[in-house]
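Chains A and B are the protein sequences, given in the same order.
The opening position of the first sequence corresponds to residue 42 in the working numbering, with each subsequent residue numbered one higher.
The opening position of the second sequence corresponds to residue 42 in the working numbering, with each subsequent residue numbered one higher.
Virtual Cβ for every residue (Gly too), placed ideally from N, Cα, C.
Source: prediction; values computed, not measured.
Please read the structure below before turning to the comments.
Number of protein chains: 2
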Amino acid sequence: MSEPAPDTLRPQRRNEIRQQNEALILQAAEKVFAEAGFGGATMQLIADVAGLPKANLHYYFATKEELYRKVVSNIFDIWLHAAESMDNAPGPVEGIGAYIDAKMEISRRHPDGSKVWASEVMHGAPVIQDYLETTLRDWTAGRVALIKGWIDAGQMAPVNPDHLLYMLWAATQHYADFGHQIETLNGGPLTDLQWREAKDSVKAMILRGIGAI
Amino acid sequence: MSEPAPDTLRPQRRNEIRQQNEALILQAAEKVFAEAGFGGATMQLIADVAGLPKANLHYYFATKEELYRKVVSNIFDIWLHAAESMDNAPGPVEGIGAYIDAKMEISRRHPDGSKVWASEVMHGAPVIQDYLETTLRDWTAGRVALIKGWIDAGQMAPVNPDHLLYMLWAATQHYADFGHQIETLNGGPLTDLQWREAKDSVKAMILRGIGAI
DNA sequence: TCTTTTCCTGACCGTATGGTCAGCTTGAAG
DNA sequence: CTTCAAGCTGACCATACGGTCAGGAAAAGA
């Protein structure tokens with residue numbers, strides 16, 4: 042054989058090296074930014090978490106801001122992807138129900154990302170202001186129209202669509218952003234059963250709250 | 042007259058000086074901590090906002106941590122005070138309705154405080170963990186019992202009281218913590234009318250969501 | 001007035017941080 | 001094997017930060 046079988050554990054290909062290290066750094070950065078905030082995070086700590094020398098970070102990401110920007114935009118993409126679950130639904134029960142499910146799942150699986158996003162917005166969105174004004178604004182307008190359609194069709198009560206969206210974001214992201222508070226009150230991390238109950242509670246309260254069930 | 046009339050504008054009394062400067066510093070600190078996070082905030086910037094030399098800050102507050110701790114505990118007190126609105130209510134409509142009103146008002150009047158609190162919790166509550174485990178835990182247990190009483194009395198649907206509280210916190214604080222996002226989507230700060238609509242929307246959705254109306 | 005205490009601050013210090021760079025190693029191409 | 005570019009890193013640098021301190025100003029008490 043002229044070409045040895047690809048082995049992910051052996052000395053990597055050039056492409057793989059870059060891809061793997063960037064992913065490693067981004068993962069470590071997300072964690073550190075979530076735990077310490079942008080100002081409190083240090084490149085040295087991110088490097089330690091990633092298991093790489095600090096100078097290597099600067100080889101892949103020129104500045105702390107550039108690394109942070111990449112982390113935030115990655116999160117935004119996950120958010121937006123989850124939002125698709127709301128479309129193509131016959132009504133609010135399915136559409137909003139699926140959206141709550143998706144966002145609760147993100148809060149459970151990517152709490153660090155959620156915290157970085159929250160932190161970014163709380164500090165005035167210095168890095169992703171343009172996303173807010175374009176992508177998010179457009180997305181929101183579309184969903185508002187969708188909700189209005191459901192209202193006009195008599196499938197739910199005439200609630201204010203904007204404030205419904207805010208409530209959906211708030212209720213679901215709270216389980217990530219304030220996870221520490223919840224865990225403290227709960228006496229430990231939520232179990233599988235408790236996560237299920239959280240999801241069901243949020244869905245029940247909101248769907249009943251908008252008169253969809 | 043042996044004692045000149047007290048004049049707040051003239052050279053102050055000793056007591057007043059301390060009180061006034063501490064308040065000035067705490068106010069500036071809350072703003073800066075909210076905008077930059079603990080790690081991103083600098084004593085120099087807080088001093089500039091307060092209009093005092095940096096060394097003067099260290100005269101009143103020995104360390105950055107001590108100043109931060111004071112800011113956070115002040116916010117916690119406001120929170121707890123607002124919580125009283127929930128008690129002594131004949132039922133969930135009045136009790137939870139008043140609580141939502143109070144918390145929405147705080148989000149509107151003290152958004153910086155809310156952000157500092159959110160940031161503190163998101164970072165694992167390094168400073169107020171003991172408050173979470175004692176005061177907040179006790180308060181929560183009391184409100185859970187109160188809600189259970191309402192449920193047993195048939196005044197509302199049998200929702201999970203813990204998750205109801207989380208939703209109340211999430212929905213109301215969102216207007217402060219994510220105020221920038223809301224303002225961006227809204228094309229500017231919420232007007233008086235829009236704040237009223239926000240309050241009414243949250244109340245309507247939640248009270249209907251728990252079967253109280 | 002004199003003394004004491006509190007208040008105030010410019011100048012300074014040690015440290016930690018983001019970032020740089022010269023030079024080494026390693027994979028790929030011919 | 002040789003060449004070249006990509007990957008890597010220890011050592012270094014300038015800056016900014018939290019915090020200190022000696023000594024002056026101002027209020028309170030005697």
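Distance CB(residue i)-CB(residue j) smaller than 8 Å
i	j	result
His215(B)	Ser242(A)	no
Ala239(A)	Leu248(A)	no
Leu173(B)	Gln222(A)	yes
Met163(A)	Ala159(B)	yes
Leu206(A)	Arg178(B)	no
Glu63(A)	Val157(A)	no
Thr176(A)	Leu121(A)	yes
Leu67(A)	Asn115(A)	yes
Ile132(A)	Gln196(A)	Going by the sequence as given, residue 132(A) is Gly instead of Ile. Yes. Within cutoff.
Ala77(A)	Gly80(B)	yes
Lys144(A)	Ala130(A)	no
Ala88(A)	Asp153(A)	no
Ala253(B)	Val112(B)	no
Ser126(A)	Tyr109(A)	no
His151(B)	Ile119(B)	yes
Ala211(B)	Ala245(A)	no
8 Å CB neighbourhood of residue i in its chain, flanking five on each side removed
i	result
Leu65(A)	Ala91, Gly92, Leu93
Glu106(A)	Val168
Asp142(B)	Ser126, Lys240, Lys244
Glu224(A)	Pro230, Leu231
Trp180(B)	Leu121, Ala124
For residue i, the first and last residue of its enclosing alpha helix (DSSP H)
i	result
Val162(B)	152-163
Ala166(A)	Where Ala166(A) is concerned, there is no enclosing alpha helix (DSSP H), given that its DSSP letter is neither H nor E.
Gln196(B)	Counting along the chain, Gln196(B) falls outside any alpha helix (DSSP H), and DSSP gives it neither H nor E.
Ala82(B)	Looking at the DSSP string, Ala82(B) is not in any alpha helix (DSSP H), and its letter there is neither H nor E.
Leu93(A)	Looking at the DSSP string, Leu93(A) is not in any alpha helix (DSSP H), and its letter there is neither H nor E.
Contacts around residue i, its chain only, beta-carbon distance under 6 Å, and the 5 residues preceding and following it disregarded
i	result
Leu86(B)	Val73
Ile188(A)	Pro202
Arg54(A)	none
Gln235(A)	none
Contact set for residue i: own chain, Cβ-Cβ below 7 Å, skip 5 residues either direction
i	result
Ser148(B)	Ser155, Thr213, Gln214, Tyr216, Ala217
Val200(B)	Ile251
Glu161(B)	Val113, Val168, Ile169
Ile192(A)	Pro199
Tyr101(A)	Asn62, Glu63, Ile66
Lys95(B)	Met84, Gln85, Ala88
Gly136(B)	Met127, Ala130
Three-state secondary structure assigned by DSSP to residue i
i	result
Gly132(B)	coil
Phe12(A)	What the structure shows of chain A is the stretch from 42 to 254, and residue 12(A) is not part of that stretch, so it cannot be assessed.
Leu231(A)	coil
Gly78(A)	helix
Thr175(B)	helix
Ala253(A)	coil
Thr181(A)	helix
Arg7(B)	Not covered by the structure: residue 7(B). The range shown for chain B is 42 to 254.
Asn97(B)	helix
Thr104(A)	coil
Asn201(A)	coil
Ser43(B)	Bear in mind that a pLDDT of 31 at Ser43(B), under 50, signals an unreliable position, so the model cannot answer this.
Thr49(A)	Caution applies to Thr49(A), whose pLDDT of 39 falls short of 50 and renders its modelled position unreliable; the model cannot decide the point.
Residue i Cβ short of 7 Å to the ligand HEM heavy atom set
i	result
Arg110(A)	The ligand HEM is absent from the structure shown, which contains no ligands of any kind.
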